[in-house]
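Below is one structure; the comments refer to it alone.
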Amino acid sequence: MSKKDVLGPYIRVNDPNLFVNQVAAEPGGEKVRECIQCGVCSGSCTTSEWWQYQPRRVIAMIRAGMKEEVMTSASTFYCVSCYKCTVRCPRGIKPASLIHAVEAIAEREGYRPRTRTMPLYRSLRNSIKSGRIWELGTFIGYYLRVNPLTAIGALPTAWALFSHGRLKLTPPKKTRGADDVVKIIQKLQSMKTETGGVR
Amino acid sequence: MRYYAYYPGCAMESEGVPIERSLMAVAKILDIQLKELEDWTCCGCPGAPIHELEAVSIAARNLALAEKTGLDLVAPCSCCYRNLKNAHLTVTEDHRIGPKVNEALSAVGLHYGGSVRVRNLIDVFVNDIGLEAIAAKVKVPLTGLAAACWYGCHETRPYGPDDPEFPMWLDQIVETLGATPVNFPLKAQCCGGAQLISQPDVALKLVWKLLDNAADNGAVVMATTLCPLCHSNVDSTQMRVNKRFKTKFEMPVLASTQLMGLAFGLKPGEVGLDKNIVPWEKVLSPYLKVRA
């Protein structure tokens, strides 16, 4: 029996394909290796009762290379970005940003966790291109993209806002800034292909 | 007269209409000149969770525009405030992503040098205007009005400047107006934000917790900062919360500037109260009669 068989397959710690290195290369995920697994993030989390794997566990799973499990569970998409974990983390890891880094990888690599939050983020991100967000249009687009029937639950809110003159029915005027935003996004895309670096 | 560059944010054009109206009325009384940032765009916040660099770059465009004015940049919306401040800190402190942001901005001929101070308006009211100056303008003290002062998340988390876990500046403002801020342990809790659209179960439960806690502590109104998202989430979903959790909440939600406007002697219409969804006439009638 050779030494290699005893030790199992050889893993290069700095292999960029390792899940932990992917997360560390993503803006916000840099400090994933510094977590001490104290669990303050999970204990602070506003929505932890809904997460399949809670934040501390997600970080442990990232470091264990359990990419499929993390990406296909809806866990990270329950993050409401309240940043309580971030102000409390004793290691200064910014867990909320780390969770967003995981969400960004999931979105980019086309994973389909069972959550409607990912399509919502996509719709919202798309609408930035028109310069200013037009909420009604964005949300109609989102409901058409997921399941139009789910819009029924939101009708009371929409009606309350509309009847008090707080729902804009027409898109905002297109400003010069909208072109700038599109140019910035295109530039970011070209930078990605030029450098081959992080996005 | 104090001058600020003003970044309204997209929500101010729809659900934030009453807040903006009250802000403009109050700013006039307090001698604040808000100069709307010319050609501003979305702060990038909506796409931030799935593309940080893009969100920061789009926010930095607004910062670069603000830098030309040489004024402090104020954002009433908490999410805009956090994202603009995040972009500022990324450019000035993050040596890995910061340079990429300015490279992206070069496509539109802009550059952000890092000199803008991003502020929120509660900070401006307390630290620039001062509570004494606010007290001096009060004409109709809101004596006896028990208010739960609710800050939401991004107003103080993660970038402050008030305490991120137990902020007090809004309480101080409300107290200055003559009202009574009640003890409110969930004052910096989240309303669920955009998850109201994608995961209503989550957001409605969070709103229910807020209302339940506020009512338990004897509050009759909820005072929010100037965030239109916080305000509309709690204001427009109360009947849905009541239906789901079999409760009977009818707690008016007033932005801090709406309360300030009322105390300064403005009419309800002048502070946009006619656009508030939860009925407020009963609770606020004592303070409206004094005026007439």
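Order-wise, the sequence lines are chains A and B.
Sequential numbering from 3 applies to the first sequence in this note's numbering.
Sequential numbering from -11 applies to the second sequence in this note's numbering.
We treat Cβ as the ideally placed atom computed from N, Cα and C, and that holds for glycine.
On a predicted model such as this, the values are computed, not experimentally measured, just so you know.
Taking A:A160 as the centre and dropping the five residues before and after it, the same chain places the C-beta of L169 closer than 7 angstroms to its C-beta, in chain order.
Nearest CB-CB separation between B:D111 and chain A: not below the 8 angstroms threshold. Looking at the DSSP output, B:L22 bridges to B:Y(-8). Under the DSSP assignment, A:L157 falls in the alpha helix (DSSP H) whose first and last residues are 153 to 165. Around the CB of B:Y(-9), fewer than 16 other CB atoms lie within 10 Å, so the residue is classed as exposed. Look at B:W268 here: in three-state DSSP terms it is coil, with no helix or strand label. Residue pairing by DSSP places B:W138 opposite B:T212 in a beta bridge. Among the CB atoms of chain A, none fall inside 8 angstroms of the CB of B:G249. Contact fails between the region 44 to 54 of chain A and the region 98 to 114 of chain B, because fewer than three Cβ pairs, one in each stretch, are under 8 angstroms apart. Contact check for A:K96 against A:G30 passes: the beta carbons are separated by less than 8 angstroms. Classified as buried, A:A98 has 16 or more neighbouring CB atoms from the shown chains inside 10 Å of its CB.
Considering only beta carbons, the part of the region 20 to 33 of chain B lying closer than 7 angstroms to chain A consists of D27, W28, T29, C30, G32, in chain order. Counting only runs of 3+ residues, no beta strand (DSSP E) is found wholly inside the region 10 to 94 of chain A.
The residues A(-1), C65, C67, G181, in chain order, have a CB closer than 7 angstroms to that of B:L217 in the same chain once the five nearest residues on each side in sequence are set aside. Annotation for B:V241: no alpha helix (DSSP H) segment contains it, though the beta strand (DSSP E) segment containing it runs 241 to 243. 8 angstroms or more divides the Cβ of B:V162 from the Cβ of B:P155.
Excluding its 5 nearest sequence neighbours in each direction, B:P129 has C-beta neighbours in its own chain below 6 angstroms: G166, listed in chain order. Counting other Cβ atoms within 10 Å of its Cβ, B:L184 reaches 16 or more and is therefore classed as buried. Neighbours of A:T172 in chain B, taken as residues at a C-beta separation under 7 angstroms, are lacking, since the least C-beta distance is about 10 angstroms. For B:R145, the chain A residues whose Cβ falls inside 8 angstroms of its Cβ are C84, Y85, K86, T88, V89, in order along the chain. If you check each beta-carbon in the region 200 to 230 of chain B against every beta-carbon of chain A, the ones closer than 7 angstroms belong to S220, S224, T225, M227, R228. Looking at A:R14, A:Y85, A:P57, the one whose alpha-carbon comes closest to that of B:A176 is A:Y85.
One finds E40, L41, I85 in chain B with Cβ atoms closer than 7 angstroms to the Cβ of A:P29, taken in chain order. Between B:A(-7) and B:L93, the C-beta spacing is not below 8 angstroms. In the structure shown, B:V170 adopts coil according to DSSP, grouped into three states. When secondary structure is reduced to three states using DSSP, A:R116 falls in the coil class, being assigned neither helix nor strand. Each of B:L174, B:D189, B:V5 was checked against the Cα of B:E153, and the nearest Cα belongs to B:L174.
Ranking B:R145, B:N221, B:V79, B:K125 by CA distance to the CA of B:F252 puts B:K125 first.
The C-beta of B:R9 has 16 or more other C-beta atoms within 10 Å across all chains shown, which makes the residue buried. Using a Cβ-Cβ cut-off of 7 angstroms, A:I130 is close to C30, G32, P34, G35, I46 of chain B, given in chain order.
In this structure, the beta-carbon distance from B:D27 to A:R127 does not fall below 8 angstroms. Burial of B:P6 is indicated by the presence of at least 16 other C-beta atoms within 10 angstroms of its C-beta.
In the pairwise beta carbon analysis, the region 14 to 33 of chain A is classified as touching the region 67 to 81 of chain A: at least three pairs are separated by under 8 angstroms.
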